[in-house]
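J.:
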Amino acid sequence: MSGAGHPGEPGRPGEPGRPGPAGRTAPPVRRRGRPTSAARAAAGEAARDRILASARTEFAERGYDRASIRAIARGADVDPALVHHYFGTKEQVFEAAVEVSFAPAREGLRALPPHTPGTLGGRITRFFLGVWENPVTREPLLALVRSAVNNETAARILRAQVTRELMATVARELDGPDRELRVELAAAQLVGTAILRYVIKAEPLASLDAGELAVRLAPTVQHQLTGPVGERLREG
1 MSGAGHPGEP GRPGEPGRPG PAGRTAPPVR RRGRPTSAAR AAAGEAARDR
51 ILASARTEFA ERGYDRASIR AIARGADVDP ALVHHYFGTK EQVFEAAVEV
101 SFAPAREGLR ALPPHTPGTL GGRITRFFLG VWENPVTREP LLALVRSAVN
151 NETAARILRA QVTRELMATV ARELDGPDRE LRVELAAAQL VGTAILRYVI
201 KAEPLASLDA GELAVRLAPT VQHQLTGPVG ERLREG
């Protein structure tokens, strides 16, 4: 009578752990188990990156008001619940998109070598225009500016990011109790120029060579940072 064999007897050739032809032992059967924690973490990080990339595209194309969590999830090929899991609300998604978009500017400012305040205007102006002249960094910034112009929530988030990260970095190189105001006035010159040149595309500013623009703009930025205040203000 045939069967599985009695204890101590060899099983059928080819069974896992049993002697095969010529005494060889068949390799154990591999069973597919659950993904490792490292694999799950990598998959989660990839999904988060896709969500963030989709959010930046959605905000760029539709603006803050018309962008939606569902559309962002659709662009990332994930369930909307996963967007809420990683980022929370639409406001928080936008905040994350702003932070990523400003990362090159933030890192670039930190990498600027320390110099005397008298050269700060030229350095900041050239750096600022370099960020806007580069299509890779310009497009997400354009999207953020457009959203901030039309929505107070977007404007508040953008304002906080600029104030906390960018202006504070520049202000640390200045002295005096009004250094925050000076940096904001300098930023007004730069941001206003960017809106006219890259958003509104006002001519002849839009077609002006970037190098010439930097030469013309830098003295004004430098004056706001370190120049004397007006006579009336000093007399008052």
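So for the sequence shown, the UniProt record's numbering puts the first residue at 1; every next one is plus one.
Don't be surprised by glycine CBs; every beta carbon is placed ideally from N, CA and C.
In three-state terms, what does DSSP make of Arg-123?
T.: Reduced to three states, the DSSP call for Arg-123 is helix.
J.: Per DSSP, what kind of secondary structure is Asn-134 in: helix, strand or coil?
T.: Coil, per DSSP.
J.: Hey, Thr-163 and Tyr-64 are a contact pair by Cβ (cut 8 Å); roughly how many whole angstroms apart?
T.: About 19 Å separates the two Cβ atoms, so there is no contact after all.
J.: Taking three-plus beta-carbon pairs below 8 Å as touching, is the stretch 66–78 in contact with the stretch 45–57?
T.: Touching, yes.
J.: Which term fits Thr-219, buried or exposed, when burial requires 16 or more other beta carbons within 10 angstroms of its beta carbon?
T.: According to the sequence shown, residue 219 is Pro rather than Thr. Classification for Pro-219: exposed.
J.: If distances are taken between C-alpha atoms only, which option among Glu-180, Glu-107, Ala-214 and Val-229 comes closest to Thr-137?
T.: That would be Glu-107, whose Cα lies nearest to the Cα of Thr-137.
J.: DSSP state of Phe-102, grouped into three classes?
T.: Correct three-state label for Phe-102: coil.
J.: Where does Ser-68 fall in DSSP's three states?
T.: DSSP places Ser-68 in coil when its eight states are reduced to three.
J.: With DSSP run on the structure shown, which of helix, strand or coil describes Ile-200?
T.: Note: Ile-200 maps to coil in three-state DSSP.
J.: In angstroms, rounded to a whole number, what distance separates the CA positions of Ala-186 and Ala-171?
T.: The alpha-carbon atoms of Ala-186 and Ala-171 are separated by roughly 11 Å.
J.: Measuring CA to CA, which of Asp-178, Thr-226, Arg-179 and Ala-148 is closest to Val-191?
T.: Considering only alpha carbons, the answer is Ala-148.
J.: Put Arg-172 into one of helix, strand or coil per three-state DSSP.
T.: Coil at Arg-172, not helix or strand.
J.: Give the single residue among Phe-102, Phe-59, Asp-49 and Leu-205 whose Cα lies nearest to the Cα of Asn-151.
T.: Of Phe-102, Phe-59, Asp-49 and Leu-205, the residue nearest in Cα terms is Phe-59.
J.: Looking at the unbroken alpha helix (DSSP H) that takes in Pro-219, where does it start and where does it end?
T.: First-last of the alpha helix (DSSP H) with Pro-219: 210–226.
J.: For a test of the three-state rule: what should DSSP assign to Gly-88, helix, strand or coil?
T.: If DSSP states are grouped into helix, strand and coil, Gly-88 belongs with coil.
J.: Could you tell me the alpha carbon to alpha carbon distance between Arg-66 and Ile-72, rounded to whole angstroms?
T.: So the two alpha carbons sit approximately 11 Å from each other.
J.: Per DSSP, what kind of secondary structure is Pro-80 in: helix, strand or coil?
T.: Helix.
J.: With DSSP collapsed to three states, give me the class of Pro-117.
T.: Helix, per DSSP.
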